[in-house]
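Q: Going from the sequence shown to my numbering is simple: count from 1 and add 5.
Got a structure here, written out as structure tokens. Questions coming.
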Amino acid sequence: MKQRGRHRRRRRGRALRAFLAGTALALTGAATLISASQATDSEDPGALKPITSSERIASLRLQEQQVPEATLDRLASSMGRPVGVGAVLEEADHRLRAAADCPAEDRKALPVEPVATRAQCWSAADTRSWQPGAVTTSGDADDDGLWGQNRVILSGWSQNATASGHGLARVAFVDANDLDRLTYTWVLLTVPVDGGRDYRALDSDVSGMVWYQDKLLVTAADGLYAYDMNRVQRATVDSTAVGRVRGGWSAHGARFVLPAVGSYRPSGTGTEAPAGGLSLDRSTSPDSLVASERTSADGDGPALLWRYSFATDPARSGLLATDFADRADATQAYETKAADVRGVLSYRSDWYLSRASDAPDGHGTLWRQDADRAQATRCGSDDTQHCWSTRTPSLSYWEATGEVWSQSGRMLFSLPLTSIDRSLG
6 MKQRGRHRRR RRGRALRAFL AGTALALTGA ATLISASQAT DSEDPGALKP
56 ITSSERIASL RLQEQQVPEA TLDRLASSMG RPVGVGAVLE EADHRLRAAA
106 DCPAEDRKAL PVEPVATRAQ CWSAADTRSW QPGAVTTSGD ADDDGLWGQN
156 RVILSGWSQN ATASGHGLAR VAFVDANDLD RLTYTWVLLT VPVDGGRDYR
206 ALDSDVSGMV WYQDKLLVTA ADGLYAYDMN RVQRATVDST AVGRVRGGWS
256 AHGARFVLPA VGSYRPSGTG TEAPAGGLSL DRSTSPDSLV ASERTSADGD
306 GPALLWRYSF ATDPARSGLL ATDFADRADA TQAYETKAAD VRGVLSYRSD
356 WYLSRASDAP DGHGTLWRQD ADRAQATRCG SDDTQHCWST RTPSLSYWEA
406 TGEVWSQSGR MLFSLPLTSI DRSLG
């Protein structure tokens, strides 16, 4: 996709902000359904601790491996000419429901404070046995918030091992041109095999995902996978199989397939845990990919937060900056005492971390940390910190509109970043 001038992007950004402001939906009724005092307040994680050890920074190094062009071309030759995001949106065959029409049990997953200004839900039938994961948007892809002429939301979902013994990962491509009527279709994430003669499913959950320029970066158990948004392929057989089948190509019921074009794996120089959360930070120069360590509530020691720079070479659009040996080094890293970190977001000098509740149905916390202190969103007469959604695996900042998008359970929601800052105590 050709890069456009910044003046044009800024004009579109102002127009989009005005559009969203005029159609904002206050979901104040959702907050009344939820009890904010469901658990003991979390221990204050305090200020972030910068990591200065070159050895620890080096342990976060990733090795880039690109799928050979010949492999991708062979797959495209067999499956048919790839299509773009616009073609996928044109065939959206599902629709999210407005918050008022969502089950009360689903709405309990929404934050108590700050209140979501937009919220819709996925149907139980379409997501049964699938676990919600990361969210990213065309606000990440391009700084005017549009991909071509479209506003788009991507929502990742994962399924544990199926009868074949392998897990699945899929992404809902959501047409967000009308934010009151979101429609979508499924695209299965895959990895080419046998030199492009076949593909397999991405056997991993999707806890982190960032769409930057024409690439989609996705977390996996063994690192990150890169996908080219201009290389979406059509499935031709509707079955539960994945890959080449008699009569064509199948994607476990999805209508489209996205084959990986590369991966980033730990270089072997250290033993740091893999990334669990991802987000884009446009406040750095160059833009950067933010990551958080995959942690658990009973884990020992602090969790890590770090970032990689994106490449500035147009020939490497959407990929991480690498050295002569195709290695991507972390440019900044911190320790946080926050446990069970799920979503991560960095903007300017602030880091926002969503943490899950200790109780299965309880509300989590949302912290803002910097080099000096930590603050949590607060709510209720007892000023509790447990105001955030139940389990939020992802935070995505749409800079053109000032909104943060996320999902919890079957609820997809957004709210202004400024409202998060106002609710901090």
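Even for Gly, the Cβ is constructed at its ideal location relative to N, Cα and C.
These numbers come from a predicted model, not from an experiment.
Could you pull the start and end residues of the beta strand (DSSP E) that Gly228 belongs to?
A: Looking at the DSSP string, the run of the beta strand (DSSP E) that includes Gly228 is 228-233.
Q: Pairing CB atoms from the segment 140-159 with CB atoms from the segment 209-228, are three or more of them under 8 angstroms?
A: Yes, the segment 140-159 touches the segment 209-228.
Q: In chain order, what are the residue ranges of uninterrupted beta strand (DSSP E) at least 3 long that sit wholly in the segment 303-342?
A: If we require 3 residues or more, the beta strand (DSSP E) runs fully inside the segment 303-342 come out as 308-314, 337-341.
Q: Give the straight-line distance between the Cα atoms of Pro108 and Ala130, rounded to the nearest whole angstrom.
A: Cα to Cα, Pro108 sits roughly 13 angstroms from Ala130.
Q: Could you tell me if Gly153 is buried or exposed, where buried requires 16 or more neighbouring beta carbons within 10 angstroms of its beta carbon?
A: Label assigned to Gly153: exposed.
Q: I need the DSSP call for Asp78, collapsed to helix, strand or coil.
A: Correct three-state label for Asp78: helix.
Q: With a threshold of 7 angstroms on Cβ separation, who are the neighbours of Arg175 within its own chain once the five nearest residues in sequence on each side are excluded?
A: Only Trp162, Trp191, Val192, Leu193, Leu194, Ala259 meet the Cβ criterion.
Q: Determine the direct distance from the alpha carbon of Asp286 to that of Leu25, and round the result to whole angstroms.
A: Interpretation of Leu25 is limited by its pLDDT of 41, a score under 50 that renders its predicted location unreliable; the figure taken from the coordinates is listed afterwards. If I take the Cα positions, the gap works out to 22 angstroms.
Q: Using the DSSP secondary-structure output, state which residues sit across from Asp147 in a beta bridge.
A: According to DSSP, which records beta bridges pairwise, Asp147 is partnered with nothing at all.
Q: Going by CA-CA distance only, name the one from Glu408, Lys54, Leu350 that's closest to Leu294.
A: Minimum Cα distance to Leu294 is reached at Leu350.
Q: Go ahead and label Gly430 buried or exposed: buried means 16 or more other beta carbons lie within 10 angstroms of its beta carbon, across all protein chains shown.
A: Its Cβ having fewer than 16 others within 10 Å, Gly430 is exposed.
Q: Just grab the DSSP bridge partners of Cys384 for me.
A: Beta-bridge pairing links Cys384 to Thr389.
Q: For Gln43, which residues in the same chain have their Cβ closer than 8 angstroms to its Cβ, ignoring the five residues on either side in sequence?
A: Residue confidence is low: Gln43 scores 42 on pLDDT, short of 50, so the model does not pin down where it sits. Its coordinate-derived value is still stated next. Answer for Gln43: Ser362, Ala364, Asp366, Gly367, His368, His391, listed in chain order.
Q: Let's test the definition: count the other Cβ atoms within 10 Å of the Cβ of Pro264 and tell me whether it reaches 16, buried, or not, exposed.
A: Pro264 comes out buried.
Q: Tell me the residue span of the alpha helix (DSSP H) that contains Ala129.
A: Its alpha helix (DSSP H) spans residues 129-132.
Q: Using a Cβ-Cβ cut-off of 8 angstroms (strictly less than) and excluding sequence neighbours within five positions of Glu69, which residues of its own chain qualify?
A: Answer for Glu69: Gly267, Ser268, Tyr269, Leu324, Leu325, Thr327, Asp331, Arg332, Ala333, listed in chain order.
Q: Short of 7 angstroms in beta carbon distance, which residues of its chain neighbour Glu404, apart from the five on each side in sequence? Order them along the chain.
A: The answer, listed in chain order, is Gly144, Asp148, Arg287.
Q: Considering just the uninterrupted stretch of the alpha helix (DSSP H) at Ser59, what are its terminal residues?
A: Note, Ser59: alpha helix (DSSP H), 59-63.
Q: Based on DSSP bridge pairs, tell me the residues matched to Ala225.
A: DSSP output for Ala225 lists Gly228 as bridge partner(s).
Q: Take the Cβ of Ala225 as the centre, count every other Cβ of all protein chains shown within 10 Å, and call the residue buried at 16 or more, exposed below.
A: Buried, because 16 or more other Cβ atoms sit within 10 Å of the Cβ of Ala225.
Q: In the DSSP assignment, find the beta strand (DSSP E) that holds Val93 and state where it starts and stops.
A: Here Val93 belongs to no beta strand (DSSP E); instead the alpha helix (DSSP H) covers 90-95.
Q: Mapping the DSSP letters down to three states, classify Ala181 as helix, strand or coil.
A: Three-state DSSP puts Ala181 in coil, outside helix and strand.
Q: For His99, which residues from the same chain have a beta carbon less than 7 angstroms from its beta carbon, with the 5 sequence-adjacent residues on both sides left out?
A: These residues qualify, in order along the chain: Asp131, Thr188, Tyr189, Thr190.
Q: If we call anything under 8 angstroms between Cβ atoms a contact, is Gly348 one with Leu400?
A: Contact: yes.
Q: Can you give the beta carbon distance from Asp227 to Thr300, rounded, assuming they're within the 8 angstroms contact cut?
A: Not quite, the Cβ-Cβ distance comes to about 18 angstroms (not below 8 angstroms), so this is no contact.
Q: If you drop the 5 nearest sequence neighbours on each side, which residues of the same chain put their C-beta closer than 8 angstroms to that of Ala376?
A: Around Ala376: Ala52, Leu53, Pro55, Ser354.
Q: Among Leu283, Gly385, Arg186, which one has its Cα closest to the Cα of Asp106?
A: Looking at the Cα atoms, Arg186 is the closest of the given residues.
Q: Out of Gly282, Leu151, Pro291, which has the shortest C-alpha to C-alpha gap to Ser314?
A: Ranking Gly282, Leu151, Pro291 by Cα distance to Ser314 puts Pro291 first.
Q: Terminal residues of the continuous alpha helix (DSSP H) containing Ser424?
A: 422-427 is the extent of the alpha helix (DSSP H) around Ser424.
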